[in-house]
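Novice:
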Amino acid sequence: MKVDLNTSSPTCSQVDVVAEGIMERLQVVQGRISELSDGRPVLILCVTKGFPAYVTEAAYRAGVRAIGENYVQELSDKFRSTRDLDGLRRHFIGHMQSNKARSLSTMVDVIETISRTSELDRLGKIGFEGDLFLQVKFDRDPGRNGAELSEVPGLKRYGDDLGLKISGLMTVAPVEVPANTLRVFRMLKDLCDEHALQHCSMGMSDDFELAVMAGATEVRLGSALLGHRPNFNPNVTS
């Protein structure tokens, strides 16, 4: 059965078909990670951005227990219909706008994109109790979110002083020099070790194998698990 991913109201059998496809791809990814990680546990974060809410349910049926979203409104729309999925952890991996921090804090367990003291201030004021990752950038693209390497120690101390749980680092590999990807991933892992941070989030569908080789504790996968994003438009703004 072929399922139209552009629909927002599939039948139960259609959800089952999508779940079967995700399970098959998940098993392939898990096998590859097992080969490269020497038995080290690696969290597979399923990035459901741009997919209708039922795909989150299908991924859950397939065995996924952590999902990533980039936009607060899209996350909110899906949260209403998937909030009862027991044990499903939600990670926010998009740019956090201060005026949406409070609503975001009620829906997610982890925010992976912290790069400014102002963001930490806001989360401290609302008493966010989840995990926070500092996003680190290794390129000079002014449009890319992330803290410079030199800013990480200060941000970590600032968050600690506010009583926030800074537990990891996250990065996106530079696109302009793909040959540097493995080196960048190893640098992030070294930085995690230097600051005794438990979580190292790096690697996406095209480069997760390099990330696992470098010591990732989490990889963020969209197309590797779900296939290409549909034309579905949830009418969201970030």
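Taking our numbering, the leading residue of the sequence shown gets 9, the next gets one more, and so forth. Here a beta-carbon is modelled for each residue, glycine too, at the ideal position from N, C-alpha and C.
Does residue 77 come out as helix, strand or coil in the three-state DSSP assignment?
Specialist: Correct three-state label for residue 77: strand.
Novice: Return the chain-ordered list of same chain residues with a C-beta closer than 8 Å to the C-beta of residue 161, the five sequence neighbours on each side being excluded.
Specialist: The residues are 203.
Novice: Could you spell out where the alpha helix (DSSP H) holding residue 209 opens and where it closes?
Specialist: Careful: residue 209 lies outside any alpha helix (DSSP H), inside the beta strand (DSSP E) at 207-209.
Novice: Use the C-beta contact count for residue 116: other C-beta atoms within 10 angstroms, 16 or more gives buried, fewer gives exposed.
Specialist: Classification for residue 116: buried.
Novice: When you compare each of 92, 132, 197, 82 to residue 144 by their alpha carbons, which one comes out closest?
Specialist: For the residues 92, 132, 197, 82, the minimum Cα distance to residue 144 belongs to 197.
Novice: For residue 67, which beta-bridge partners are listed by DSSP?
Specialist: Residue 67 is not bridged to any residue.
Novice: Between which residues of its own chain and residue 174 is the CB-CB distance below 6 Å, once the five residues before and five after are set aside?
Specialist: Around residue 174: 140, 164, 167.
Novice: Specify, as a first and last residue, the run of the beta strand (DSSP E) that residue 119 falls within.
Specialist: Looking at the DSSP string, the run of the beta strand (DSSP E) that includes residue 119 is 118-122.
Novice: Drop a sphere of 10 angstroms on the beta-carbon of residue 112, count the other beta-carbons inside from all chains shown, and report buried for 16 or more, exposed for fewer.
Specialist: When all chains shown are included, residue 112 counts as buried.
Novice: When we look at the beta-carbon of residue 60 and count the other beta-carbons within 10 Å, is it buried (16 or more) or exposed?
Specialist: So residue 60 ends up on the buried side.
Novice: Among 184, 132, 125, 228, whose alpha-carbon lies nearest the alpha-carbon of residue 149?
Specialist: Nearest C-alpha to residue 149: 184.
Novice: Just to check my reading of the structure: residue 76 and residue 55 have Cβ atoms closer than 8 Å, yes? What is that Cβ distance to the nearest angstrom?
Specialist: Yes, they are in contact, since the Cβ atoms of residue 76 and residue 55 sit about 4 Å apart, within 8 Å.
Novice: For the beta strand (DSSP E) that residue 175 lies in, which residues bound it at each end?
Specialist: Start and end: 173-178.
Novice: I'd like to confirm the pairing. Which residues does DSSP put opposite residue 155 in its beta bridges?
Specialist: BP columns for residue 155 point to 144.
Novice: Do you know whose CA, among 37, 19, 20, 21, lies nearest residue 234's CA?
Specialist: Of 37, 19, 20, 21, the residue nearest in Cα terms is 37.
Novice: Mind checking whether the beta-carbon of residue 165 lies closer than 8 Å to any heavy atom of the ligand FAD?
Specialist: The ligand FAD is not among the ligands present in this structure, which contains no ligands whatsoever.
Novice: At which residues does the beta strand (DSSP E) containing residue 44 begin and terminate?
Specialist: Looking at the DSSP string, residue 44 is not in any beta strand (DSSP E); the run it does join, the alpha helix (DSSP H), is 20-45.
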